[in-house]
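Numbering (this note's numbering), first residue to last: 28 to 595.
In what follows, a single structure is set out as structure tokens and then discussed.
What follows is the structure, given as structure tokens:
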């Protein structure tokens, strides 16, 4: 029943939304798709989405592979600290990432002082735009840099565990064979077969996250839409009979196109991940405790640069919350006045404490539902596998992973159009924003708990029963106690993802009055900047969100087993 309930919660609003949109537009899905490919705006958004996702993936691999290589091949002091610092971007709320890179490219910021003006596109960037005819190159470069920053830990977490557990003697043995005489042959015959599945897994996930990016597109390339921002901008007036039928057509066609592309990407990722799991298990089984060399100078420079790159945008968010523009001249001074104004709710409809309260309520509700649901589904899949019902187990696992093929904006629009406009009374229900959070986070809980539950020995539970423990005590001591670490990790990450969720919240909260911290940051930053306190107030709200997320991330890292390396 739990599995059926979760699948219905995920799929039913989407089905209702599509049904309503087809009814409003009087179009079939095929007709909507035909209109999509004949409309210049939607085609432009599709081309931009594919372009930025592909380039982001390529550059993430180009930068992430050397980082993962050096991290896995050498012996580092404080390796867990380095891994944690390089993993921070992946759990950072997307709206905080957007603010960090805005501060990085801000006039008077670090890049501007060295002549790289990505925001106003003067100087070198302006010359590039003038001579090439490239419109807004600075914005696009900033977006790619932000996507690389956000997805860098994906490459590291897939590739570094394979390298760190690999028997180093394999490469030495290859040198004595004809297939390993040269560096190119060793790469072709040893490293490529070993690292290819992990690299392709990371590449597919980088593409998926970049393809469905919302906050970064919204703030870093405001003059260009991807499919996600196009749907979000049109969603407010979609699904209403006799009003702005064009927006309903855009949302209907765009959501179907995005669903098809993301579903294909998820299927490809799943197939490649199976190969990666097999390869990683083979390497782990044959690993030996071989000492690693000390890092070379190039390795030190690479890892140090990566850590600085990972921390710089976040530090700029905190600093910018204290840096106030002087209204009388072009100078700046440092003060906590923006924090005081944001804490009191001046210049915004919601104060930081109220938005924080709403965010905590949403994330606690999400935790209370997603964690037990994820545990029950994971236990069901593991039980089916042990009973040799592998086909049924695969079907259940696939159905519960469906939300990964749905972007946050799609889920938000599904609830808005398919549920709220079907049952308008739910508009007054303050807990409605928690629904997309539950849908989004439950698959992550399953991905964390399922491997741990699979590894449990059934004999433990049988021995607990032989000792005379009650069913509840036997379950607690022989199961939950052994799953404490993955449960804490999944709980902390569930709360972190819920706190930082922006796409679905932006869709739903605009239609209600339940401001969260992520939406408050967006609202403040969207105001005119005539008042010098507006931007620092937005950074203060972003810093609050960032600190909360980091605390939860540190809790998760504290309970992750050290032998997992950088792996998920």
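Positions of the beta carbon are idealized from the N, C-alpha and C atoms, including for glycine.
Can you pull the DSSP bridge partners for residue i?
{"i": "residue 11", "result": "There is no way to answer for residue 11, as the model of the chain reaches only from 28 to 595."}
{"i": "residue 99", "result": "Looking at the DSSP assignment, residue 99 forms no beta bridge with any residue, so it has no partner."}
{"i": "residue 143", "result": "150"}
Return helix, strand or coil for residue i, following the three-state DSSP convention.
{"i": "residue 162", "result": "coil"}
{"i": "residue 457", "result": "coil"}
{"i": "residue 532", "result": "helix"}
{"i": "residue 135", "result": "coil"}
{"i": "residue 402", "result": "helix"}
{"i": "residue 271", "result": "coil"}
{"i": "residue 474", "result": "helix"}
{"i": "residue 8", "result": "This structure cannot settle anything about residue 8, because the visible part of the chain is limited to 28 through 595."}
{"i": "residue 449", "result": "coil"}
{"i": "residue 64", "result": "coil"}
{"i": "residue 562", "result": "helix"}
{"i": "residue 260", "result": "helix"}
{"i": "residue 59", "result": "helix"}
{"i": "residue 202", "result": "coil"}
{"i": "residue 375", "result": "coil"}
{"i": "residue 248", "result": "coil"}
{"i": "residue 557", "result": "coil"}
{"i": "residue 508", "result": "helix"}
{"i": "residue 253", "result": "coil"}
Tell me which residues share the same chain as residue i and place their Cβ nearer than 6 Å to its Cβ, disregarding the 5 neighbours each side in the sequence.
{"i": "residue 577", "result": "none"}
{"i": "residue 583", "result": "516, 519, 520"}
{"i": "residue 437", "result": "282"}
{"i": "residue 563", "result": "348, 351, 365"}
{"i": "residue 98", "result": "187"}
{"i": "residue 334", "result": "112"}
{"i": "residue 377", "result": "542, 547"}
{"i": "residue 255", "result": "239, 241, 434, 436"}
Mind checking whether residue i and residue j have CB atoms under 8 Å apart?
{"i": "residue 44", "j": "residue 445", "result": "yes"}
{"i": "residue 182", "j": "residue 229", "result": "yes"}
{"i": "residue 393", "j": "residue 525", "result": "yes"}
{"i": "residue 675", "j": "residue 84", "result": "Any question about residue 675 goes unanswered here, given that the chain covers just 28 to 595."}
{"i": "residue 40", "j": "residue 441", "result": "yes"}
{"i": "residue 171", "j": "residue 95", "result": "no"}
{"i": "residue 566", "j": "residue 429", "result": "no"}
{"i": "residue 523", "j": "residue 290", "result": "no"}
{"i": "residue 405", "j": "residue 477", "result": "yes"}
{"i": "residue 125", "j": "residue 238", "result": "no"}
{"i": "residue 513", "j": "residue 475", "result": "yes"}
{"i": "residue 336", "j": "residue 543", "result": "no"}
{"i": "residue 275", "j": "residue 51", "result": "yes"}
{"i": "residue 14", "j": "residue 572", "result": "Any property of residue 14 remains undetermined from this structure, which presents the chain solely from 28 to 595."}
{"i": "residue 419", "j": "residue 411", "result": "yes"}
{"i": "residue 120", "j": "residue 532", "result": "no"}
{"i": "residue 118", "j": "residue 580", "result": "yes"}
{"i": "residue 408", "j": "residue 423", "result": "yes"}
{"i": "residue 379", "j": "residue 460", "result": "no"}
{"i": "residue 249", "j": "residue 299", "result": "no"}
{"i": "residue 458", "j": "residue 479", "result": "no"}
Within a Cβ cutoff of 7 Å, which residues of the same chain sit near residue i, ignoring the five residues on either side of it in sequence?
{"i": "residue 321", "result": "101, 102"}
{"i": "residue 360", "result": "351, 353"}
{"i": "residue 169", "result": "128, 132, 145, 247"}
{"i": "residue 375", "result": "547, 550, 551"}
{"i": "residue 280", "result": "59, 60, 62, 63, 69"}
{"i": "residue 594", "result": "The pLDDT assigned to residue 594 is 42, lower than 50, so where the model puts this residue is not dependable; a value taken from the coordinates is nonetheless given after this. Taken in chain order, the residues that qualify are 184, 188."}
Near residue i, which residues of its chain fall below 8 Å by C-beta distance, leaving aside the five closest residues on each side in sequence?
{"i": "residue 590", "result": "In this prediction, residue 590 has a pLDDT of 48, which is less than 50 and means its spatial position is unreliable; what the coordinates show is noted afterwards. Cβ neighbours of residue 590 beyond the five flanking positions: none."}
{"i": "residue 316", "result": "Confidence at residue 316 is low in this model, with a pLDDT of 48, below 50, so the placement of that residue should be treated as unreliable; the coordinate-derived value is given next. The answer is none, since no qualifying residue turns up."}
{"i": "residue 93", "result": "329"}
{"i": "residue 88", "result": "182, 226, 229, 230, 233"}
{"i": "residue 134", "result": "144, 146, 147"}
Hey, quick one: how far does the alpha helix (DSSP H) through residue i stretch, first residue to last?
{"i": "residue 32", "result": "29-52"}
{"i": "residue 211", "result": "210-213"}
{"i": "residue 439", "result": "435-442"}
{"i": "residue 624", "result": "In the structure as shown, the chain starts at 28 and stops at 595, and residue 624 therefore has no counterpart that could be examined."}
{"i": "residue 482", "result": "Premise fails: residue 482 is in no alpha helix (DSSP H) and is neither H nor E."}
{"i": "residue 366", "result": "364-371"}
{"i": "residue 550", "result": "544-552"}
{"i": "residue 502", "result": "498-502"}
{"i": "residue 527", "result": "511-527"}
{"i": "residue 345", "result": "324-347"}
{"i": "residue 424", "result": "417-427"}
{"i": "residue 113", "result": "106-118"}
So is residue i in contact with chain D if we call contact Cβ pairs under 8 Å?
{"i": "residue 266", "result": "This model lacks chain D altogether, as it is built from one protein chain only."}
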